[in-house]
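Visitor:
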Amino acid sequence: MKHFYWTSILILVILLTGCASSPTPTEVVTPLASATPDHSFISPSGIVSASANVVPAQTSQMGFLISAPVKEVDVKEGDQVKAGQTLIVLDTPDLSLSVTAAKDAIRTAQDEVDMLNYPYTKLFQDGHVVHVKAFLERREQAAAELDSAQAALDAAQATLNEGTLTAPYDGTVVTISVVPGQLVQPNQVAAVIGDLNDLQIETTDLSEGEIAYVKIGQTAMVHIKALNQDVSGKVIAIAPKANQYNGDWVFKVTIALNQQPPSLMWGMSVDVQIQTEK
Amino acid sequence: MDFRMKKNYLIAFTILTLALTLTACSSSSTPTAIPTVVLSSQPAASNTVTASGQVVPVQHVQLSFPLTGVAKTVDVKAGDVITAGQTLATLDTSILEAQVRENQADVAAAQTQVALLRRLGTTSQEDLDGAQAQVDKAQAILDSAKATLTEATLTAPFNGTIAEVDLSPAETVVPGQIVIVMGDLSQFQIETTDLSERDAPNVKVGQTATALVQALNQKFTGKVSDMAHISSTVGGDVVYKATIQLDTQPQGLLWGMTADVTIQTGN
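Shown next as structure tokens:
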């Protein structure tokens with residue numbers, strides 16, 4: 001009888017553990033189409049809520065087209081820069097030499113033009129009229145070659161300029177990701193600048209069901225979590241195309257703040273409540 | 279019943295219970311099939327095929343530069359309505375412009391050389407032909423440089439709306455990098471995303487279909503206007519894309535909204 005007792009317990013244990021250890025079936029649940037619209041996201045007062053991030057209105061991730069070692073980094077992170085200001089210079093002696101060579105070529109071409117210009121009147125006075133036209137063509141040719149040499153210098157200078165990164169607009173240096181001596185590769189991001197005086201709010205999870213209610217010009221309340229502050233703003237843009245976010249199709253809505261709090265920073269997370277028409 | 283027999287019964291009972299337990303567990307651990315979307319409470323009729331779909335413009339394009347370069351201007355932003363031929367973004371062209379000027383001067387120099395040889399009149403035909411060939415060569419190089427210069431400007435291929443801009447001034451671009459997405463938002467259609475290979479043979483161009491757009495809670499009618507001839511895979515399943523042309527263009531449709539599509543496949 002004791003055997004039977006123990007066996008029963010054993011069976012019970014196997015029964016319980018056996019099923020528990022079996023993997024829970026993972027089930028992909030496709031939502032069924034509901035006959036009525038899902039109004040759960042929109043409150044009776046017509047407010048649509050979403051999570052959002054603080055982003056600059058304009059930002060550029062800049063890099064070089066050429067591969068060369070960094071010669072100098074003229075700014076540091078946080079610096080305010082003006083449009084056209086030099087940020088990073090690469091060490092490109094080969095490109096500098098090309099410019100020097102192009103300048104020499106111009107001098108040679110200029111000498112040729114000067115030389116062909118000189119005998120023009122002299123030969124004419126000597127009576128070699130038949131040669132005047134021919135020399136005119138030579139002069140035109142020399143002038144064209146000078147033009148070509150000047151354009152080649154412009155090209156060499158422009159190529160040399162590819163080794164210098166300048167600010168495309170007034171802004172703040174957000175990231176510098178290279179140091180002097182480091183070899184940069186084409187298309188590698190070397191610096192990021194942004195216009196931090198013009199920060200905006202971009203929603204991350206506004207679904208396709210909610211977007212139908214949102215219109216440009218609607219008022220939005222923005223709660224900045226980090227500052228525990230509420231700021232008002234306006235919807236200034238709605239993405240015309242959905243993007244996938246955590247498996248959902250969402251539309252990005254951009255909100256301009258009526259007043260930018262001084263300590264607001266790029267990347268802060270905020271909660272947005274958009275006042276829609278009911 | 280002696281003890282030995284009793285023990286045998288017990289062993290048999292244990293094995294039976296174990297077997298039952300194991301089979302019960304194994305059946306429950308079999309992955310459940312992904313449920314098919316059913317639009318109504320009734321099971322889908324045998325002469326319909328259902329699939330999930332997405333609202334997309336009939337005409338849309340992902341634009342990129344055919345050149346490597348640095349963005350000089352980005353002239354549009356998402357939401358802008360634009361006309362065909364309008365400039366969307368430009369690359370810095372200082373090198374390309376200088377090259378065009380250089381090549382123009384080279385053409386002029388080659389042409390004067392031909393004119394000079396003709397004037398002298400003592401040049402052999404071979405030398406004249408050679409000089410003329412130099413002109414043609416310089417002209418071809420110039421044409422090529424001009425063509426490259428035009429590639430540094432991205433223009434709209436048709437009237438439409440800018441959907442995405444992934445480029446800022448001073449950023450570098452490489453050929454094939456998508457910088458702007460645009461579409462004609464006046465004409466939308468629905469493309470299925472998970473039409474199974476088992477249903478695909480029944481779907482034919484011209485069949486009627488309905489699309490329920492959940493975001494708008496509206497059902498639209500349409501026709502199958504295109505059926506993919508090659509499969510794609512979604513989550514390990516082989517699927518075929520069917521395109522549904524809508525009978526009317528409803529208000530409020532947005533690019534990327536999801537829809538539940540039912541296609542009448544007939545008998």
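If you're matching them up, the sequences are chains A and B in order. Each residue of the first sequence is one higher than the one before, counting from 1 in our numbering. Each residue of the second sequence is one higher than the one before, counting from 279 in our numbering. Glycine included, each C-beta is placed from N, C-alpha and C at the ideal position.
(1) If I'm right that Gly233/A touches Ile201/A with Cβ under 8 Å, what's the distance once you round it to whole angstroms?
(2) Measuring CA to CA, which of Thr471/B, Ala430/B, Glu449/B and Asp515/B is closest to Ala329/B?
(3) Between which residues of its own chain and Trp533/B is the CB-CB distance below 7 Å, once the five residues before and five after are set aside?
(4) Give me the subset of the region 395-407 of chain B whose CB atoms are less than 7 Å from a CB atom of chain A, sorted by chain position.
(5) So with Cβ pairs under 8 Å, would you call Pro447/B a contact of chain A?
(6) Using 8 Å as the limit for Cβ to Cβ distance, is Arg107/A near chain B?
(7) When you check each C-beta in the region 62-73 of chain A against every C-beta of chain B, which residues fall closer than 8 Å?
(8) According to DSSP, simplified to helix, strand and coil, what is Asn228/A?
(9) Compute the Euclidean distance between the alpha carbons of Gly331/B and Lys82/A, then round it to the nearest angstrom.
(10) Looking at C-alpha atoms only, which residue of Ser342/B, Gln465/B and Leu432/B is the closest neighbour of Gln455/B?
(11) Bridge partners of Val385/B, per DSSP?
(12) Taking the beta strand (DSSP E) that Thr328/B belongs to, which residues open and close that run?
(13) Any beta carbon from chain B within less than 8 Å of Asp104/A's own beta carbon?
(14) At the 8 Å Cβ level, is Ala50/A part of the contact set with chain B, yes or no?
(15) Three or more beta-carbon pairs under 8 Å between the region 210-223 of chain A and the region 45-64 of chain A, yes or no?
(16) Taking the alpha-carbon of Pro93/A as reference, which of Thr59/A, Leu146/A and Pro69/A has the nearest alpha-carbon?
(17) Does the pairing of the region 218-230 of chain A with the region 260-277 of chain A give three or more beta-carbon distances under 8 Å?
(18) Do we get a CB-CB distance below 8 Å when we pair Gly217/A with the residues of chain B?
(19) What residue range is occupied by the uninterrupted alpha helix (DSSP H) comprising Leu427/B?
(20) Let me see if you follow: with CB-CB separation under 8 Å, is Ala226/A close to chain B or not?
(21) Keeping to the same chain, check which residues put their C-beta closer than 7 Å to that of Thr86/A; ignore five residues upstream and five downstream.
(22) Output the boundary residues of the beta strand (DSSP E) element that contains Lys501/B.
(23) Determine the chain B residues that contact Thr159/A at a beta-carbon separation under 8 Å, and present them in chain order.
(24) Using C-beta distances below 8 Å, list every residue in its chain close to Lys355/B, excluding the 5 sequence neighbours before and after it, in chain order.
(25) Assuming the contact rule is C-beta atoms closer than 8 Å, Pro447/B and Thr351/B should be a hit. Round their C-beta distance to whole Å, please.
(26) For chain B, find out if any of its Cβ atoms is closer than 8 Å to the Cβ of Thr175/A; answer yes or no.
(27) Using CA coordinates, which residue listed in Ser422/B, Gly357/B, Ile373/B and Phe466/B is at the minimum distance from Lys501/B?
(28) Taking all protein chains shown into account, decide if Gly544/B is buried (16 or more other Cβ within 10 angstroms of its Cβ) or exposed.
(29) Going along the chain, which residues of the region 238-271 of chain A sit with their C-beta nearer than 9 Å to a C-beta in chain B?
(30) So which of Val516/B, Gln492/B and Ala506/B has the shortest CA-CA distance to Val481/B?
(31) Report the three-state DSSP secondary structure of Ser96/A (helix, strand or coil).
(32) Across which residues does DSSP place Leu395/B in a beta bridge pair?
(33) Got a sec: which bits of the region 434-459 of chain B sit with their beta carbon under 7 Å from any beta carbon on chain A, in order along the chain?
(34) Using a threshold of 8 Å, state whether the C-beta atoms of Glu267/A and Val54/A are closer than that.
(35) Nearest-angstrom Cα distance between Glu469/B and Val517/B?
(36) Closer than 8 Å, CB to CB, is Gln275/A near chain B or not?
Guide: So, from the data block:
(1) 6 Å
(2) Thr471/B
(3) Val333, Val334, Pro335, Ala441, Gly461 and Leu463
(4) Arg397 and Leu398
(5) yes
(6) no
(7) Met62, Gly63, Phe64 and Leu65
(8) coil
(9) 48 Å
(10) Ser342/B
(11) BP columns for Val385/B are empty, so no partner.
(12) Thr326 to Pro335
(13) no
(14) no
(15) yes
(16) Pro69/A
(17) yes
(18) no
(19) Gln403 to Thr428
(20) no
(21) Asp74, Thr164 and Thr166
(22) Gln496 to Met505
(23) Ile373
(24) Ile440 and Val443
(25) 6 Å
(26) no
(27) Phe466/B
(28) exposed
(29) Ile238, Ala239, Pro240, Lys241, Ala242, Asn243, Gln244, Trp249, Val250, Phe251, Lys252 and Thr254
(30) Ala506/B
(31) helix
(32) In DSSP, Leu395/B forms no bridge with anything.
(33) Thr439, Ala441, Glu442, Ser446, Pro447, Ala448, Glu449, Thr450, Val452 and Val459
(34) Before going on, a small fix: residue 267/A reads as Gly here, not Glu. Yes.
(35) 12 Å
(36) no
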